[in-house]
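Contents: one structure, followed by commentary.
6 protein chains.
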Amino acid sequence: MGLNEYLLGLNNLETIVRAPGHFKYTKHTVAAHSFRVASIAQVLGDIEELNGETIDWKSLYEKSLNHDYTERFIGDIKTPVKYANKELRGMLQTVEEKMTDEFINLEIPDEFQDIFRRRLADGKDNSLEGEILAVSDKIDLLYESFEEIVKGNPEQAFKEMFIEGVKTIKKHQHCASVRYFFAEIFPELLKPDFYGKAEFLMALNRAIDEC
Amino acid sequence: MGLNEYLLGLNNLETIVRAPGHFKYTKHTVAAHSFRVASIAQVLGDIEELNGETIDWKSLYEKSLNHDYTERFIGDIKTPVKYANKELRGMLQTVEEKMTDEFINLEIPDEFQDIFRRRLADGKDNSLEGEILAVSDKIDLLYESFEEIVKGNPEQAFKEMFIEGVKTIKKHQHCASVRYFFAEIFPELLKPDFYGKAEFLMALNRAIDEC
Amino acid sequence: MGLNEYLLGLNNLETIVRAPGHFKYTKHTVAAHSFRVASIAQVLGDIEELNGETIDWKSLYEKSLNHDYTERFIGDIKTPVKYANKELRGMLQTVEEKMTDEFINLEIPDEFQDIFRRRLADGKDNSLEGEILAVSDKIDLLYESFEEIVKGNPEQAFKEMFIEGVKTIKKHQHCASVRYFFAEIFPELLKPDFYGKAEFLMALNRAIDEC
Amino acid sequence: MGLNEYLLGLNNLETIVRAPGHFKYTKHTVAAHSFRVASIAQVLGDIEELNGETIDWKSLYEKSLNHDYTERFIGDIKTPVKYANKELRGMLQTVEEKMTDEFINLEIPDEFQDIFRRRLADGKDNSLEGEILAVSDKIDLLYESFEEIVKGNPEQAFKEMFIEGVKTIKKHQHCASVRYFFAEIFPELLKPDFYGKAEFLMALNRAIDEC
Amino acid sequence: MGLNEYLLGLNNLETIVRAPGHFKYTKHTVAAHSFRVASIAQVLGDIEELNGETIDWKSLYEKSLNHDYTERFIGDIKTPVKYANKELRGMLQTVEEKMTDEFINLEIPDEFQDIFRRRLADGKDNSLEGEILAVSDKIDLLYESFEEIVKGNPEQAFKEMFIEGVKTIKKHQHCASVRYFFAEIFPELLKPDFYGKAEFLMALNRAIDEC
Amino acid sequence: MGLNEYLLGLNNLETIVRAPGHFKYTKHTVAAHSFRVASIAQVLGDIEELNGETIDWKSLYEKSLNHDYTERFIGDIKTPVKYANKELRGMLQTVEEKMTDEFINLEIPDEFQDIFRRRLADGKDNSLEGEILAVSDKIDLLYESFEEIVKGNPEQAFKEMFIEGVKTIKKHQHCASVRYFFAEIFPELLKPDFYGKAEFLMALNRAIDEC
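Chains as they are written, first to last, in the UniProt record's numbering: chain A, 1 to 211; chain B, 1 to 211; chain C, 1 to 211; chain D, 1 to 211; chain E, 1 to 211; chain F, 1 to 211.
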């Protein structure tokens, strides 16, 4: 009981894998993903600041670090997309939220409950920090899925995820950090050569043009 | 598309782990669990036959072999019990069933759809075969969780799961195979010595008496 | 002692790997392989029935589910072919059979011994169910080795295994399920593109033509 | 080159293990450890705030999230203590720092270099945030090593690490969060029973008394 | 073809596990076992020399380093003893030897064949070096199985293996290195405390007395 | 204490990975690498003898078997080259040597200390045996990195390591075993086809020409 239960949950996140059954080359845990998303978010925050924006750093770090803690309850089952329509995703979201409520009510001491309710809520709102979280979450997915693509994972899903991710990030083009990402970082990511690269780039560019 | 998609799903089940984040000594996959449940079910079927019952073997094998195929859609998230009440479990069940429908409609050729609808439906009905499936599923959980207990996994959940499992099996006492299990197999399973065994047995016996 | 020993063996099969030292991308356990072979066999059984054949389902499930249980004794050492001629394979077969006898005599209660002798015997006989088992065992090997080929495993053995497997399945062309497999499922399996695919397909087709 | 190299490094941290060759039950990666330390630090920050302290949240998150990024260069070789005296640790520290400099000079664009120099420097200074980082780093080590102890890892090093960790945390007793930790969280952590617990607690209490 | 095939086999030995399905805490590969046996043998050789014996070092290293290379052909299936009598072990031995012959004839260039025939033959002869190999092989098994025992592996087989190993080593009591081992090293190995230690020591001492 | 501590260290080497965070397809342990280097060294020794050279076999085996034992102290951190200049490598070398001294003084009984000082010292001297060790160490790295290259690991480092390794081996061209390696074994190693092979071979040949 108490915060000890919360701390033990942190250890559990090291054994919960992302998109179980899909990544074949490197397994990713929710703990490591959360670390990377927070690390990406802070770099995007830097870029925004260098471009004159004001960042609420407490909010940015808090949102990004905690954005998947609730996956300790039902695991990462929303990443693989096939066969799940919007309604089903909504239902899974609801289950996760109700278990989170239950967890906070049962385990977290009263004086911390409001803090945990804020922290474990969905952070992808319309604030700049919420946008950076959404973008960082997708950038990490780009790196994870690109590794599978380069190494020859035949599952079509990774190419779709990658292109889908690029399109979602594009929607945040009005952010200086997103423009910097596409201008300076993305081309480096795409550099390695691999079998089928030409077709992949064509599909990618087609999708970008459609945005 | 087509049955190829179904066959690829069989491979996926080899990478979906049971109760992710909980088993610390041996990770169990859904594929291996399904193999064991079907193997246990056939032995319970033998015992029933030796006791004069008639077994519908096609149904028994079909129910037990396929009972967790649908976990390829959202993974094994119903095994760990904490924080999930009956309503939430019901919602997860619904999501899984709707994704199963979607999968059958999209991938399975027409002439096989009825067969797949029967096979991927919940098999734990009131038939003798349905009861044997329910019992076999729990017996496998007993073996899995007992290994964790013997080796000193401090998570209380395994002792609770074990005792809960024993109580569920007890409800099927009217089956000859269940009586045989408790008389001939269960004592062998409990034989190994481990630290804390006396307390564990006391808790176990108390729970059995309450049935 | 007793059936408990048999049930513990089921757990062991989850840790016995197929063709140890060969699969580089996904390790396959004997337990998961058995699950898949039984699952494939039931689909082939469906196809036969839809084509008017009568299936002895009890026999089909029993043969396919249990066909590798005896690998718990000496592991899976017959899959990799190099350096082993027919005589040596025969000797390994004999060792496995004698250990199986010993196991049944020592561990299995008298009233179950006949059942276990039937179940743990080689099921690949001339019955339709025996043929379906032989085909299903090879189909699973096709899926396992194709994954290695697609992902670029340089070991020539996988291509040889794949082609060898196709040739073995072809020998059962008189079965409706085999004809369906080659017409409807196999082309889907071969769809993913990979480096060296053209040469591989040429070698495959040459081998098929020779049948 | 550029920030892409930094982002790839985040992935590498998911494959760098903590104290390689020592943890036997759960392997911990530097990425997951960093996630947990930042998560612990934020809870200690909450406690301080509830006790009237002012927290520089940007600094607290930044220090804790990035405190082990530089382990991508030479791995985690400072955790296991045996055979390394203070001078040798100092030399390893120097190597790590020089490689960090080299990395920043070679890879990080000019406009970000100052930020990265601050972020990848040692954050365990005398500020409240620096103290919380030092405490959080040790609390995570307590959880990691206690798991090994409970499960019966015979390596004496874990008990020594645990006791050493407790003593280091005690030095920060003047922090409200440390007092809260020992009063409310630590007793919960110690709750599970295990073989040899009495002796362990005696050694622990003796060490605490000596502080 | 040629020595390249031999070198690739060395890599394979890194993926062949010892006693597959039995070790639960640490998996041991044949490559690592061979490294340890050769390392143990050289220390026993030192002790013999310090006691005035003459060691043929080339033979000692050669025997110990290569003693399990042939397991690349059928894996490590002779370690687990259950259900295999002397005749069956003999048959497995024969299979391994015939595959070794085949390998040398097919792959090894003529001028090296005699060397490889000597190296891949069974080295446990009556020479001092042959005895040291036999003892080193068992000492490594003691360390491997003691780890399982200390950590609470309930499989009785490890205690039997350990005691069996001690008895085999005792048979070489006339070697100074064996007497040194029991006087100076073995007591250190046995030092860690674990649940059930008293009973284990009693069984061990009883077995030693019977020698 | 005593030799037991040395023997436990052998087990640790089975859990220390080579170049942590770099090998993506097959993880290599220091124990297995040491086994392979000693096995390669003995074959090179054979070739030298067949060419009329005299080999000090005790020295050759001893050097090759023990050449990485000291990595148990700080792991394998010298393999990945980036960001570490000659000075930093020298410092790491010094740390390792001082920890080795400390280990020998603390753990190894007096009468063995001189032997261990010789064995755990750097064996890559100008003797023929020292040269063979240097070559064998690189040959193993060629096999390890070539596997990554063939399977499509996009990290440029493996191609650089491979080419660097070939150049280092070339420096020992005056050894008959090195000339044999390039004439008879290397072409076999390079045989498998992979995407990007033509460019790789061009870079390799350019580098060889420059030697």
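Built from N, CA and C at the ideal position, the CB exists for glycine as well.
Endpoints, alpha helix (DSSP H) assigned at residue 189(B):
Run containing residue 189(B): 186 to 189, per the alpha helix (DSSP H) assignment.
Please compile the residues from chain E whose C-beta is within a distance smaller than 8 Å of the C-beta of residue 58(F).
Within 8 Å Cβ-Cβ: 57, 58, 61.
Enumerated in chain order, which unbroken segments of the alpha helix (DSSP H) with a length of 4 residues or greater are wholly contained in the stretch 119 to 193 of chain A?
You should have 128 to 150, 156 to 170, 176 to 180, 186 to 189.
Which residues of the stretch 149 to 177 of chain C have a Cβ closer than 9 Å to any Cβ of chain A? Give them in chain order.
Going along the stretch 149 to 177 of chain C in chain order, one finds 150, 151, 152 with a Cβ nearer than 9 Å to chain A.
So what's residue 70(D) in DSSP terms, helix, strand or just coil?
In the structure shown, residue 70(D) sits in coil (DSSP, three-state: anything other than H, G, I, E or B).
Using a Cβ distance threshold of 8 Å, determine whether the stretch 58 to 68 of chain C contacts the stretch 34 to 41 of chain C, with at least three qualifying pairs required.
Contact between the stretch 58 to 68 of chain C and the stretch 34 to 41 of chain C is present, with at least three C-beta pairs closer than 8 Å.
Consult DSSP for residue 100(E) and reduce its assignment to one of helix, strand or coil.
The three-state secondary structure of residue 100(E), taken from DSSP, is helix.
Can you confirm whether the stretch 27 to 34 of chain A touches the stretch 11 to 18 of chain A when touching is taken to mean that 3 or more C-beta pairs between the two stretches lie within less than 8 Å?
The stretch 11 to 18 of chain A vs the stretch 27 to 34 of chain A: in contact.
What do you get for residue 118(A), buried or exposed, if any count of 16 or more other CB atoms within 10 angstroms of its CB means buried?
So residue 118(A) ends up on the exposed side.
Taking only beta-carbon positions, decide if residue 214(A) is within less than 7 Å of chain C.
Residue 214(A) lies beyond the stretch modelled for chain A, which goes from 1 to 211, so this question has no answer here.
At what residues does the alpha helix (DSSP H) containing residue 27(A) begin and finish?
For residue 27(A), there is no enclosing alpha helix (DSSP H), as DSSP marks it with neither H nor E.
What's the C-alpha gap between residue 162(E) and residue 205(E)?
Roughly 12 Å between the two C-alpha positions.
Going straight from the alpha carbon of residue 181(E) to that of residue 121(F), what length do you get?
Distance from the CA of residue 181(E) to the CA of residue 121(F), rounded to the nearest whole angstrom, comes to 25 Å.
Which runs of the alpha helix (DSSP H) spanning at least 4 residues fall entirely within the stretch 27 to 51 of chain D, listed in chain order?
Taking only runs of at least 4 residues, the alpha helix (DSSP H) segments lying wholly in the stretch 27 to 51 of chain D are 30 to 50.
If I measure Cβ to Cβ from residue 74(F) and keep anything under 6 Å in the same chain, skipping five residues before and after, which residues do I get?
Excluding residues within five positions, the ones whose Cβ falls inside 6 Å are 96.
Counting along the chain, where does the alpha helix (DSSP H) carrying residue 9(D) start and finish?
For residue 9(D), the enclosing alpha helix (DSSP H) begins and ends at 3 to 12.
Hey, is residue 46(B)'s beta-carbon within less than 7 Å of any beta-carbon in chain C?
For residue 46(B), the answer is yes, since a Cβ of chain C falls inside 7 Å of its Cβ.
Going along chain A, which residues have a C-beta under 7 Å from residue 143(D)?
The contacting residues are 7, 11.
CB contact below 7 Å: residue 105(E) versus chain F:
So no, residue 105(E) is outside the interface.
With a CB to CB cut of under 6 Å and the five nearest residues on each side skipped, what residues in its chain are close to residue 151(F)?
Around residue 151(F): 25.
Mark residue 94(E) as exposed unless 16 or more other C-beta atoms lie within 10 angstroms of its C-beta, in which case mark it buried.
When all chains shown are included, residue 94(E) counts as exposed.
When you compare the CB positions of residue 129(D) and residue 60(D), do they come within less than 7 Å of one another, or not?
Residue 60(D) is positioned such that its CB atom lies closer than 7 Å to that of residue 129(D).
Closer than 9 Å by beta-carbon distance: list the chain C residues that pair up with residue 26(F), in chain order.
Ordered by position in chain C, the residues that pass the 9 Å Cβ test against residue 26(F) are 24.
So if DSSP puts residue 17(D) in a beta bridge, which residue, or which two residues, is it bridged to?
Under DSSP, residue 17(D) takes part in a beta bridge, and its partners are 29(D).
Suppose the cutoff is 8 Å on Cβ atoms and the five residues either side in sequence are ignored; what does the same chain contact list for residue 149(E) look like?
Taken in chain order, the residues that qualify are 158, 159, 162, 194, 200.
Limits of the unbroken alpha helix (DSSP H) element including residue 209(F)
From DSSP, the alpha helix (DSSP H) with residue 209(F) extends over 197 to 210.
Residues in the stretch 118 to 136 of chain A having any Cβ partner in chain B nearer than 9 Å:
Correct list: empty, as no residue qualifies.
If you drop the 5 nearest sequence neighbours on each side, which residues of the same chain put their C-beta closer than 8 Å to that of residue 76(E)?
Scanning its chain for C-beta atoms nearer than 8 Å, with the 5 sequence neighbours on each side dropped, one finds around residue 76(E) the residues 16, 17, 18, 19, 20, 30, 68, in chain order.
Backbone CA spacing between residue 154(B) and residue 142(E) [nearest angstrom]:
Rounded to whole angstroms, residue 154(B) and residue 142(E) show a C-alpha spacing of 28 Å.
Alpha carbon of residue 139(D) to alpha carbon of residue 98(A), nearest angstrom:
Computed Cα separation, rounded: 30 Å.
Between the C-alpha atoms of residue 2(C) and residue 187(B), what's the straight-line distance to the nearest angstrom?
Residue 2(C) and residue 187(B): Cα-Cα distance of roughly 11 Å.
Can you list, in chain order, the residues of its chain whose CB lies under 6 Å from that of residue 56(B), leaving out five sequence neighbours each side?
Beyond the five residues adjoining it in sequence on each side, residue 56(B) comes within less than 6 Å, by CB distance, of 129 in the same chain, given in chain order.
Exposed unless 16 or more other CB atoms sit within 10 angstroms - verdict on residue 113(C):
For residue 113(C), the number of other beta carbons within 10 angstroms of its own is below 16, and it is reported as exposed.
Leaving out the 5 sequence neighbours to the left and right, which residues in its chain are closer than 7 Å to residue 136(F) when beta-carbon positions are compared?
Same-chain partners within the cutoff: 37, 40, 41, 44, 64.
Just to make sure I have the definition right: I need the residues of chain A whose C-beta is within less than 9 Å of the C-beta of residue 192(C). Which are they?
Those within 9 Å of residue 192(C) in chain A are 154, 155, 156.
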